[in-house]
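K.L.:
Starting off with a structure, shown below.
Chains as they are written, first to last, in my numbering: chain A, 1 to 647; chain R, 648 to 900.
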């Protein structure tokens, strides 16, 4: 047998064992190529142009490089360790280290560049699909015609060549450093030695849980007004991040073992097969993989969190647009514009409801109803606020009463108001004392007046007339009218929108249609969502693969245990059940912690991104969990194979 | 009728072009309460015999009855069921799960049979005291000595009171002090508990603790020795003598 056939045989054997590695290689090269192709494609120009997309895509591609490179190197490290016996054997029969290195490199090269070619081919097909998805979510009209980009190919090739060289260096280092004897031994050195739990570990375990809990509790309070300056706010964020990440590490290092040992103590030494396979092995192994698991958990949390936030923004586009336009399909600011719009609607025979409001600005003193406020440069006794009459708002108000409405969730966090209290409205010369009785959710007027979510005053008709007579011209706005239009048949909306766009308006910059506002928002967040989703998927696949490889390793080292257990009379079914339980923990713990982290992160600041949190976040989490579970299931299948062969 | 009856047991490896006969028709009968040693040089098939007798490996032909249960045509699931009720194992490599404590390891066979916890604890105390490992019950295998590990392994084999205990070179990895310690324990368990033990060994000293020693050569029973009423030392000399005859390369002429 010459060296070439040796390489080929090894390759054949490895393909069977490491199909997931090959898959991951193909997947990551395909993904990368697709991404770079998008970056260079002309049909992307409208998307990129819309939101400085090229910068976003550029940053994303660097992140992608980092994830893929780390993943490939890590996977290689696992595999070379698994093959140490083989390497030792080659040396034993007289091959020099350089020769062995050459052998491995040749083998890697075939595997690696073979996958690369397949990956690039799939990536090219995939990029067309991706760009179609991208167009769909950003709402850009375009035909997904892609041309093969030699530049993208070159970039992909160079990147993977660099990773390949790094892998070679790693292998070289590994081989050079080892003696024949230690190569044989590597595999038998399990990562753990089971010992009794020390007091130190118990402390670590409790600290881990405490750190995480502290981080979670603080995250809930972050925007509740306890942190009142920007510096405090920023410090709080850093502290939470630090405490949660450190907590996660300590959790894996000690808490898992600590909790498991509590359960075991309760059993008094009498464990059933499920507990034998799951609890006892997790107790020791999680500890030795603490750093890896922390990274996986943290980045998972990051991926889920970012995905949730961008999806929240995307998801909230409609309701944000709704608030932006004052809850109407269209809004206009001048009588002349309104007349023009009414005319075209009548001509087209479209039924509509009109809502007209006079909107004026005055000064409001809210000092007495202010609960907490972030220290910023503003004067609570002189707040520029718009007011409308109760009829226009559709909210009933008593003559001495004041209601506020349409106060943005985000601003509320920074400046929260009491349930009721006394306020004073300042006109130019006079002032009116009113009793503030509460906050309403509706946005009766458009963004032009509410400035992105400042509250609108609603007052009694008589008070409104009184205030109107005493306006301060210095703070008066250019327009003082609001015309909102609601189209009655929803099927006519599209047509009305076309007509609206053709109008020649005098206040064109301040008039808008709800559909357009929502679409604008979707297209700007769409690209972000796309990039984050792309990176999230890459990360999901790579971290899933890493956990799977780890499990492959673990299965190999636990094979002897399965032999013992089967000799003792446990059936393969018993063992399988135990393994299922074990994998539930092995994959479940990092996932659940990641989900919790991201939940608390999202929960603390979601209102900065949109109007509804739960639905979009749950959708993201469910999808992530399903995709992630695939790797858990694959690992169970692998274990079943190992168990079957263990006797 | 013995507790274990094996008739014309054969075991072949390889395919029909390259067949290797490891066991060539072994007939064996073991009575309840016996302590039987199986000896033979390496390659004689003694470990294969043990594996086949203990249902870990399939026999190519022949029948094996343990307490009138024919194990040679049982399915995988029935075999597992049978092993958990009737068999106990002690191995050279201890075969302890290193993530479990001594007590947890010993209680494993009872957990398969779902024995109530109280009864399990009682049995554990009994067997652990007999083998002198009660004090180390909460230690992990990595924290105890080889002899202690092997006694743990023995305790695990005895705790569920199986019909037969199979031991494969139990003293192979032990120093002579621990080895004789273990063998004394085994033979006292054999006497006190009326446990049947089948032990494979290549060490004549270990074999001299048995009540009967069977010699295997080239896959067949060559001869056997009964201890009878003689002292262990005398029995040891007999075993040595037989082994002397047995060993060595077959003379062509």
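The beta carbon of each residue, even a glycine, is placed where N, CA and C say it ideally should be.
Predicted, not measured: the structure shown is a model, and the values here were computed from it.
Residue 484 of chain A and residue 355 of chain A - do their beta-carbons sit closer together than 8 Å?
P.N.:
One-based indexing of the first chain puts residue 355 of chain A at position 355. One-based indexing of the first chain puts residue 484 of chain A at position 484. Taking the C-beta atoms as reference points, residue 484 of chain A is found nearer than 8 Å to residue 355 of chain A.
K.L.:
Name the chain A residues whose beta carbon is nearer than 7 Å to that of residue 810 of chain R?
P.N.:
By one-based count along the second chain, residue 810 of chain R stands at place 163. Under the 7 Å cutoff, chain A gives no residues; its nearest Cβ is about 13 Å from residue 810 of chain R.
K.L.:
Candidates A:103, A:149, A:112: which alpha carbon is nearest residue 125 of chain A's?
P.N.:
Within the first chain, the letter at position 125 stands for residue 125 of chain A. Among A:103, A:149, A:112, the Cα nearest to that of residue 125 of chain A belongs to A:149.
K.L.:
Have a look at residue 845 of chain R and residue 636 of chain A and give me their C-alpha separation to the nearest angstrom.
P.N.:
Counting from 1 along the second chain, the entry for residue 845 of chain R is found at position 198. Counting from 1 along the first chain, the entry for residue 636 of chain A is found at position 636. Rounded to whole angstroms, residue 845 of chain R to residue 636 of chain A spans 37 Å at the Cα level.
K.L.:
Considering only their Cβ atoms, is the gap separating residue 404 of chain A from residue 457 of chain A smaller than 8 Å?
P.N.:
What you label residue 457 of chain A is simply residue 457 of the first chain in a count that begins at 1. What you label residue 404 of chain A is simply residue 404 of the first chain in a count that begins at 1. Yes, the Cβ-Cβ distance between residue 457 of chain A and residue 404 of chain A is below 8 Å.
K.L.:
Is residue 727 of chain R close to chain A? Criterion is C-beta to C-beta, closer than 8 Å.
P.N.:
Translated into the one-based positions of the second chain, residue 727 of chain R becomes position 80. Taking 8 Å as the CB threshold, residue 727 of chain R lines the interface with chain A.
K.L.:
With distance defined between alpha-carbon atoms, name the residue in A:440, A:235, A:79, A:115 nearest to residue 549 of chain A.
P.N.:
The residue you call residue 549 of chain A lines up with position 549 of the first chain. Out of A:440, A:235, A:79, A:115, A:79 has the C-alpha closest to the C-alpha of residue 549 of chain A.
K.L.:
Using only alpha-carbon positions, find the residue among A:599, A:598, A:558 that is nearest to residue 582 of chain A.
P.N.:
Stepping through the first chain from its first residue, residue 582 of chain A is reached at position 582. Of A:599, A:598, A:558, the residue nearest in Cα terms is A:558.
K.L.:
Which partner residues does residue 657 of chain R have in the DSSP bridge list?
P.N.:
Within the second chain, the letter at position 10 stands for residue 657 of chain R. Looking at the DSSP assignment, residue 657 of chain R forms a beta bridge with R:671, R:708.
K.L.:
For a test of the three-state rule: what should DSSP assign to residue 568 of chain A, helix, strand or coil?
P.N.:
Numbered from its first residue, the first chain carries residue 568 of chain A at position 568. Residue 568 of chain A falls in the coil class under three-state DSSP.
K.L.:
Considering only the alpha carbon of each residue, which of R:843, R:755, R:800, R:868 lies closest to residue 570 of chain A?
P.N.:
Walking along the first chain from the start, residue 570 of chain A turns up at place 570. Residue 570 of chain A has its Cα closest to that of R:755, out of R:843, R:755, R:800, R:868.
K.L.:
Between residue 710 of chain R and chain A, is the shortest Cβ-Cβ distance under 8 Å, so that the two count as touching?
P.N.:
As a working note, residue 710 of chain R is residue 63 in the second chain. Closer than 8 Å: no.
K.L.:
Using a Cβ-Cβ distance under 8 Å, would residue 650 of chain R count as near chain A?
P.N.:
Along the second chain, read from residue 1 onward, the residue named residue 650 of chain R stands at position 3. With 8 Å as the cut-off, residue 650 of chain R does not count as an interface residue toward chain A.
K.L.:
In chain order, what residues of the same chain have a beta carbon less than 8 Å from the beta carbon of residue 711 of chain A, not counting five sequence neighbours either side?
P.N.:
Because chain A in this structure spans residues 1 to 647, residue 711 of chain A falls outside the shown range and cannot be described.
K.L.:
Can we say the stretch 735-743 of chain R touches the stretch 800-807 of chain R, given the rule of at least three CB pairs closer than 8 Å?
P.N.:
Yes, since at least three Cβ pairs between the stretch 735-743 of chain R and the stretch 800-807 of chain R fall closer than 8 Å, the two stretches touch.
K.L.:
State yes or no: is the beta carbon of residue 324 of chain A nearer than 8 Å to at least one beta carbon in chain R?
P.N.:
Residue numbering aside, residue 324 of chain A sits at position 324 when the first chain is read from its first letter. So, not an interface residue.
K.L.:
Verify whether the separation of the beta carbon atoms of residue 430 of chain A and residue 460 of chain A is less than 8 Å.
P.N.:
Here residue 430 of chain A is taken as the residue at index 430 of the first chain, counted from 1. Here residue 460 of chain A is taken as the residue at index 460 of the first chain, counted from 1. No, Cβ-Cβ distance for residue 430 of chain A and residue 460 of chain A is not below 8 Å.
K.L.:
Looking at the unbroken alpha helix (DSSP H) that takes in residue 249 of chain A, where does it start and where does it end?
P.N.:
Your numbering for residue 249 of chain A matches position 249 in the first chain. Where residue 249 of chain A is concerned, the enclosing alpha helix (DSSP H) stretches over 230-250.
K.L.:
Is the CB of residue 750 of chain R under 8 Å away from at least one CB in chain A?
P.N.:
Taking the first residue of the second chain as position 1, residue 750 of chain R is located at position 103. Interface residue, yes.
K.L.:
Which of the residues in the stretch 275-289 of chain A, read from start to end, lie with their CB under 8 Å from any CB of chain R?
P.N.:
276, 280, 281, 283, 284
K.L.:
Kindly indicate which residue of A:532, A:579, A:274 has the alpha-carbon position closest to the one of residue 640 of chain A.
P.N.:
Position 640 of the first chain, counted from the start, is the residue given in the question as residue 640 of chain A. For residue 640 of chain A, the nearest C-alpha among the options comes from A:579.
K.L.:
Taking the alpha-carbon positions, what's the residue 427 of chain A to residue 409 of chain A distance?
P.N.:
Indexing the first chain from 1 puts residue 427 of chain A at position 427. Indexing the first chain from 1 puts residue 409 of chain A at position 409. The alpha-carbon atoms of residue 427 of chain A and residue 409 of chain A are separated by roughly 28 Å.
K.L.:
The ligand COA heavy atoms versus the CB of residue 282 of chain A: any closer than 7 Å?
P.N.:
The ligand COA is absent from the structure shown, which contains no ligands of any kind.
K.L.:
For residue 767 of chain R, which residues in chain A fall below 8 Å Cβ to Cβ?
P.N.:
The count along the second chain starts at 1 and reaches residue 767 of chain R at position 120. Those within 8 Å of residue 767 of chain R in chain A are 270.
K.L.:
Out of A:300, A:420, A:332, state which residue places its alpha-carbon closest to the alpha-carbon of residue 371 of chain A.
P.N.:
By 1-based counting over the first chain, the position of residue 371 of chain A is 371. Among A:300, A:420, A:332, the Cα nearest to that of residue 371 of chain A is on A:420.
K.L.:
If we call anything under 8 Å between Cβ atoms a contact, is residue 683 of chain R one with residue 861 of chain R?
P.N.:
In the second chain, residue 683 of chain R corresponds to position 36, counting from 1. In the second chain, residue 861 of chain R corresponds to position 214, counting from 1. In this structure, residue 861 of chain R lies closer than 8 Å to residue 683 of chain R by Cβ.
K.L.:
Inspect the beta-carbon positions of residue 727 of chain R and residue 264 of chain A and report whether they are closer than 8 Å.
P.N.:
In the second chain, the residue the question calls residue 727 of chain R occupies position 80. In the first chain, the residue the question calls residue 264 of chain A occupies position 264. No, the Cβ-Cβ distance between residue 727 of chain R and residue 264 of chain A is not below 8 Å.
K.L.:
Roughly how many angstroms lie between the CA atoms of residue 673 of chain R and residue 868 of chain R, to the nearest whole one?
P.N.:
Start at 1 with the first residue of the second chain, and residue 673 of chain R comes out as number 26. Start at 1 with the first residue of the second chain, and residue 868 of chain R comes out as number 221. Spanning the two alpha carbons is a distance of roughly 6 Å.
K.L.:
Spatial neighbours of residue 390 of chain A within its chain, please: CB distance less than 8 Å, with the 5 preceding and 5 following residues excluded, ordered by chain position.
P.N.:
On the first chain, position 390 is the one that residue 390 of chain A refers to. So the qualifying residues of the chain are 396, 397, 458, 459, 460, 461, 464.
K.L.:
Assuming residue 617 of chain A and residue 288 of chain A make a contact with CB atoms under 8 Å, what is their CB distance in whole Å?
P.N.:
As a position in the first chain, residue 617 of chain A is number 617, starting the count at 1. As a position in the first chain, residue 288 of chain A is number 288, starting the count at 1. In fact, because the Cβ distance is near 33 Å, the residues do not count as touching under 8 Å.
K.L.:
With a threshold of 16 other CB atoms inside 10 Å of the CB of residue 39 of chain A, please say whether the residue is buried or exposed.
P.N.:
In the first chain, the residue the question calls residue 39 of chain A occupies position 39. Buried, because 16 or more other Cβ atoms sit within 10 Å of the Cβ of residue 39 of chain A.
K.L.:
Of all Cβ atoms in chain R, is any one closer than 8 Å to the Cβ of residue 564 of chain A?
P.N.:
Counting from one through the first chain, the residue named residue 564 of chain A turns up at place 564. Cβ-Cβ to chain R under 8 Å: yes for residue 564 of chain A.
K.L.:
Alpha carbon to alpha carbon, how far is residue 530 of chain A from residue 729 of chain R?
P.N.:
Translated into positions along the first chain, residue 530 of chain A becomes position 530. Translated into positions along the second chain, residue 729 of chain R becomes position 82. Their Cα atoms are separated by approximately 58 Å.
K.L.:
Please confirm if residue 817 of chain R has its CB atom under 8 Å from at least one CB of chain A.
P.N.:
Along the second chain, read from residue 1 onward, the residue named residue 817 of chain R stands at position 170. False, the Cβ-Cβ gap to chain A never drops below 8 Å.
K.L.:
Compare the beta carbon distance of residue 620 of chain A and residue 158 of chain A with 8 Å and say whether it is the shorter of the two.
P.N.:
Residue mapping note: residue 620 of chain A aligns to position 620 of the first chain, counting from 1. Residue mapping note: residue 158 of chain A aligns to position 158 of the first chain, counting from 1. Residue 158 of chain A sits away from residue 620 of chain A, with the two beta carbons spaced by 8 Å or more.
K.L.:
What are the boundary residues of the beta strand (DSSP E) that includes residue 859 of chain R?
P.N.:
Taking the first residue of the second chain as 1, we reach residue 859 of chain R at position 212. Unbroken beta strand (DSSP E) run through residue 859 of chain R: 859-864.
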